[in-house]
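Asker: Quick note, the sequences are listed as chains A and B, same order.
Just so you know, we're using this note's numbering here: the first sequence kicks off at 1 and counts up by one.
Just so you know, we're using this note's numbering here: the second sequence kicks off at 1001 and counts up by one.
We put the beta carbon where it would ideally sit given N, CA and C, even for glycine.
Have a look at this one before I ask anything.
2 protein chains.
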Amino acid sequence: MNSLQGRLDRCAINTATLGHREPLHLTIDRIARAGFGGIAPWRHEVEAADVARISKQIRSLDLEVSGYCRSTYFPASTAEERVANIRSNTRALADAAELGARCFVMVVGGLPAGSRDLSAAREMVVDGIAALMPEAKKLGVRLAIEPLHPMYAAERSVINTVGHALDVCRQLDPDNGVLGVAVDVYHCWWDPQLAESVASAGKDARIAAYHVSDWLIPTTDMLLDRGMMGDGVIDLKETRRLIESAGYMGMTEVEIFSRDRWWKAPPDEVLRCCAERLQRVC
Amino acid sequence: MNSLQGRLDRCAINTATLGHREPLHLTIDRIARAGFGGIAPWRHEVEAADVARISKQIRSLDLEVSGYCRSTYFPASTAEERVANIRSNTRALADAAELGARCFVMVVGGLPAGSRDLSAAREMVVDGIAALMPEAKKLGVRLAIEPLHPMYAAERSVINTVGHALDVCRQLDPDNGVLGVAVDVYHCWWDPQLAESVASAGKDARIAAYHVSDWLIPTTDMLLDRGMMGDGVIDLKETRRLIESAGYMGMTEVEIFSRDRWWKAPPDEVLRCCAERLQRVC
């Protein structure tokens, strides 16, 4: 395995890590200045700015866009809402293409309001992704299904393991034209089938993104208490070894939601710590 | 599938549901008076009382002990601690036998303090269970591995799916003399492999217990915010159908940890609500 020591050019910062506290153009400059090779911006930031200008800035700084975050949730109570969700995602693909994003990150959504039907929600997700694929192919934007931790099954994602995401990829895209998987250690570190699923994903060249953070003990908030790499219990070197053994050569992207700790720290301090930890513990 | 309507004799109450607010002998009377057929007490309650007397009381009320909660965690930093944990569990087996418990519920433990080695912790669990099996066989106490939700992988259980628990059963006890699985909907409702794993467990007659509660939206505490059946998003009828189709004929046991809601309600009100929901939504 290649060390990340001295290789921040192989590392990216997801802008959520900085808490979305300033306009995107400032964040872009900050991330480039800190020496990172990549950035993963969010739609609400890009859509609040001028995508052509943002795209030009990112290219001029020689940053790679490791992913564009993220899909509108697919499941909904009515067919009209589901169509609207697909349209929203289709529009985002145009921006992903303009940004030259390596992938459009798909957090697929949980149960529709009032529903207990997990199978139906999973079907809605499969149908939604299928509907998005032609446009993604046309634009050359890879769709990366990001399985979320099972604790988000009700509200954020009914796809909860790498194996499950991979099954959907193979079902909808057997020739591997456009669908891949975003592997985030926070979501899948616990999975006894992780090594097997990652190896299998690698054989198909389906690993589209690799995200790092850490699982804290204790975790005080289910959404906004992710840890800085090294502060928790995830064996990050081992996980990157799995991913790279499976053939993934892309960015290692830091994505930390941390309301009470890192979102309160000065952005440059956060970036310095990310840089240090990426090189030492990841 | 048989309805639970009018069949509280097929339903049990885990004493944690009442918040452990009174001595066990009062809880036992309360549960019997409310018409339930079973009870699942905890070690700290039983060990604080006289096990022979408790056992006599339970039998005289014709209550089945659907499970005895629960094992001391197996993983630990030192070999001495691991041996002590096995000894602690061995002692509890004697009480489980005296109580006539259908199973000794095994919550296996998370990572040892300071460790990031999930594989090593899982090996410690396998070794610990193996060490417990001879005594369990001798006493005729079934050991039920309870996979916990993946959000507890770090601190409470490194076994997180029914499929994983079943693998351990088959590895250690291929002839199915003593190891089974406790299926708790709260921990495994999200699992895309649940139907397959439960069916497979059923073929081996490995399902030793079935626990119900509900997953609330939102869930405000990772440990102590479980919902009353019907108040959340789990399809409880479908889950019981899976379990019973797999051949499980035992108790449906209610286990709700709810610091801010049900542990504040009068115990008899909690039991009335459990009875109503078991018969209507489970």
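Quick test of your reading: THR1161 (chain B) and TYR1210 (chain B), contact by CB under 8 Å. State the CB separation rounded to the nearest angstrom.
Answerer: That pair is no contact at about 16 Å.
Asker: Exposed or buried, what is THR15 (chain A) when buried is set at 16 or more other beta-carbons lying within 10 Å of its beta-carbon?
Answerer: buried
Asker: Looking at the unbroken beta strand (DSSP E) that takes in LEU1179 (chain B), where does it start and where does it end?
Answerer: 1179 to 1184
Asker: For chain B, check one thing: does any of its Cβ atoms lie closer than 8 Å to the Cβ of PRO75 (chain A)?
Answerer: no
Asker: I believe LEU1278 (chain B) touches MET1228 (chain B) by the beta-carbon criterion, under 8 Å. Please report the beta-carbon distance rounded to the nearest angstrom.
Answerer: LEU1278 (chain B) to MET1228 (chain B), Cβ: 10 Å. No contact.
Asker: Any idea which residues DSSP pairs MET1249 (chain B) with across the strands?
Answerer: Beta-bridge pairing links MET1249 (chain B) to no other residue.
Asker: Taking beta-carbon pairs under 8 Å, can you tell me which members of the region 107 to 139 of chain A lie near chain B?
Answerer: LEU111, SER115, ARG116, ASP117, LEU118 and ARG122
Asker: Among A:TRP262, A:ASP95 and A:LEU143, which one has its Cα closest to the Cα of ASP214 (chain A)?
Answerer: The closest CA to that of ASP214 (chain A), considering only A:TRP262, A:ASP95 and A:LEU143, is found on A:TRP262.
Asker: Using CA coordinates, which residue listed in B:VAL1233, B:VAL1212, B:LEU1118 and B:GLU1269 is at the minimum distance from ALA113 (chain A)?
Answerer: B:VAL1233
Asker: Kindly indicate which three-state DSSP category ALA210 (chain A) falls into: helix, strand or coil?
Answerer: The amino acid at residue 210 (chain A) is misidentified as Ala; the sequence shows Tyr. In the structure shown, TYR210 (chain A) sits in a strand (DSSP, three-state: E or B).
Asker: Would you report the Cα separation of ARG259 (chain A) and SER71 (chain A), rounded to the nearest angstrom?
Answerer: ARG259 (chain A) and SER71 (chain A) have their C-alpha atoms some 22 Å from each other.
Asker: Just by C-beta distance, which residues in the region 1023 to 1046 of chain B are closer than 7 Å to chain A?
Answerer: none
Asker: State the DSSP-derived secondary structure class of SER286 (chain A), mapped to helix, strand or coil.
Answerer: In the structure displayed, chain A extends from 1 to 282; residue 286 (chain A) sits before or after that span and is not available.
Asker: By how many angstroms is the C-alpha of TYR248 (chain A) removed from the C-alpha of VAL168 (chain A)?
Answerer: 20 Å
Asker: Should VAL1108 (chain B) be labelled buried (16 or more other beta-carbon atoms within 10 Å of its own) or exposed?
Answerer: It is buried - the Cβ of VAL1108 (chain B) has at least 16 other Cβ atoms within 10 Å.
Asker: Using the beta-carbon of each residue, which ones in chain A are nearer than 8 Å to ALA1155 (chain B)?
Answerer: The identity of residue 1155 (chain B) in the sequence shown is Glu, whereas the question assumes Ala. Simply ILE217 and PRO218.
Asker: So what's ASN176 (chain A) in DSSP terms, helix, strand or just coil?
Answerer: coil
Asker: Do ALA275 (chain A) and ALA246 (chain A) count as a contact pair if the criterion is CB distance below 8 Å?
Answerer: no
Asker: May I ask you to list, following chain order, the residues of the region 1178 to 1205 of chain B that have a beta carbon less than 7 Å from some beta carbon of chain A?
Answerer: TRP1190 and PRO1192
Asker: Going by CA-CA distance only, name the one from B:GLU1244, B:THR1090, B:ARG1240 and B:VAL1125 that's closest to CYS1282 (chain B).
Answerer: B:ARG1240
Asker: If I follow the unbroken beta strand (DSSP E) through ILE31 (chain A), where does it start and stop?
Answerer: Counting along the chain, ILE31 (chain A) falls outside any beta strand (DSSP E), though it belongs to the alpha helix (DSSP H) covering 24 to 33.
Asker: Give the interface partners of ASN1160 (chain B) over in chain A, defined as CB-CB distance under 9 Å, in chain order.
Answerer: PRO150, TRP190, ASP191 and PRO192
Asker: Do ASP1235 (chain B) and ARG10 (chain A) have their CB atoms nearer than 8 Å?
Answerer: No, these two residues do not count as a Cβ contact at 8 Å.
Asker: Grouping DSSP H, G and I as helix and E and B as strand, with all else coil, what is ASP1167 (chain B)?
Answerer: Helix, per DSSP.
Asker: Could you spell out the range, first to last residue, of the alpha helix (DSSP H) harbouring LEU139 (chain A)?
Answerer: 118 to 139
Asker: Whole beta strand (DSSP E) runs in the region 48 to 110 of chain A with 3 or more residues, listed along the chain?
Answerer: 104 to 106
Asker: Do we get a CB-CB distance below 8 Å when we pair ASP260 (chain A) with the residues of chain E?
Answerer: Going by chain labels, chain E is absent from the structure shown, which instead holds the protein chains A and B.
Asker: Looking only at C-alpha atoms, which of B:LEU1024, B:ALA1153, B:VAL1158 and B:VAL1105 sits nearest to VAL1141 (chain B)?
Answerer: Comparing alpha carbon positions, the residue from B:LEU1024, B:ALA1153, B:VAL1158 and B:VAL1105 closest to VAL1141 (chain B) is B:VAL1105.
Asker: Can you check the region 1223 to 1274 of chain B for any beta strand (DSSP E) of at least 3 residues that lies completely inside it and give the ranges in chain order?
Answerer: Runs of the beta strand (DSSP E) inside the region 1223 to 1274 of chain B: 1252 to 1254.
Asker: List the residues of chain B whose Cβ lies closer than 8 Å to the Cβ of ASP235 (chain A), in chain order.
Answerer: ARG1116, ASP1117 and LEU1118
Asker: Between ARG272 (chain A) and ASP1184 (chain B), what straight-line distance do the alpha-carbon atoms span, to the nearest angstrom?
Answerer: Using only the alpha carbons, I get a separation of about 44 Å.
Asker: Mind reading off the beta-carbon distance from GLY110 (chain A) to SER157 (chain A)? Whole number of angstroms is fine, and I expect it under 8 Å.
Answerer: 6 Å
Asker: Is ALA1079 (chain B) closer than 8 Å to TRP190 (chain A) when the C-beta atoms are compared?
Answerer: no
Asker: Indicate whether at least one CB of chain B lies closer than 8 Å to the CB of HIS164 (chain A).
Answerer: yes
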